[in-house]
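Protein chains in written order, with the working numbering: chain A, -6 to 152; chain B, 24 to 80. The structure under discussion appears below in the form of structure tokens.
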Amino acid sequence: MTEQSPAPGRAASEVPEGKIALALLTGWLVPGAGHAILGRVRRGVVFFVLIMGSFGLGLAHDGRLALYSPREGFLTGLQLVANVGVGPSDLLARMSVYGEAAYAVPDQSSPLYRPRIEKFRERQRSAVSAYGTAYLWSAGLMNLLLLMDIWDIAKRRKD
Amino acid sequence: MRSHFAHLTLYSGIIATFFSVLSRRDRREQLRFGGLVWLAMAGGVVVLAYLMLPFPR
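Shown next, in the form of structure tokens:
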């Protein structure tokens, strides 16, 4: 898929900082939208389809919506980053699965602890959960890579 | 969908397409690179599975 190269005059010019920030923010909110803002519309559409497709497959296959736990802070933190990378869709998924914006394992004395952990384990027990988790985390990580790509495009390091 | 092989081909397809569009501009180059990535992922797993065949759990 080839896209139109920027006009010769445009190639050397810098993208305004505000537009870069907008592209980065929009790109995180809606995968592919940042590329569209920078004029790479077709590429943005392909990225949107791939990332949201992967995210949808992950949810449909009971993928893990990670909860941060201080006991395994590093690993669960990385898992959370991979989930949250996909943008607000992750929040909607958490609202749907946990019934609230759940991002961490509550304290054991909290009344929230048991229902949240039960939901978490219930999805993990699914026979297809490992596949779902791979799709979910890949979707988030792909979107984070796209943010770096947006930065490179905006700084004219690539077209 | 519970087929491991179906997930392998689909997941490899998503990742291969993503990286080909991300790193290549020309359509022919994208197809070539994407095909190679897909083959490396899907084919690599099949080869690895055969290599592990003599060592059951």
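By construction, the Cβ of each residue, glycine as well, lies at the ideal position given by its N, Cα and C atoms.
When CB distances to chain B are screened at a threshold of 8 Å, the residues of the stretch 105 to 136 of chain A falling below it are A120, V121, Y124, A127, Y128, S131 and M135, in chain order.
Residue nearest to S46/B within the set R36/A, L60/A and E10/A is R36/A (criterion: CA-CA distance). Restricting attention to alpha helix (DSSP H) runs no shorter than 4 residues, the stretch 6 to 80 of chain A encloses them at 10 to 22, 26 to 30, 34 to 53 and 66 to 77, ordered along the chain. Contact annotation: L84/A and A97/A have beta-carbon atoms that are not nearer than 7 Å. The three-state secondary structure of A120/A, taken from DSSP, is coil.
In this chain, R48/B is not harboured by any alpha helix (DSSP H), its DSSP state being neither H nor E. Residues of chain B whose Cβ lies closer than 7 Å to the Cβ of S47/A are, in chain order, I37. Listed in chain order, the non-local C-beta contacts of A75/A below 6 Å within the same chain comprise W130, G133 and L134, local neighbours out to five positions each way being set aside. Per DSSP, the unbroken alpha helix (DSSP H) holding G67/B starts and ends at G67 to M75. Under a criterion of Cβ atoms nearer than 9 Å, the residues of chain A adjacent to L45/B are, in order, R36, F40, M135, L138, L139 and D142. For F41/B, a Cβ of chain A is located within less than 7 Å of the residue's own Cβ. For L60/A, there are no C-beta contacts with chain B under 7 Å, since the nearest C-beta of that chain is about 24 Å from it.
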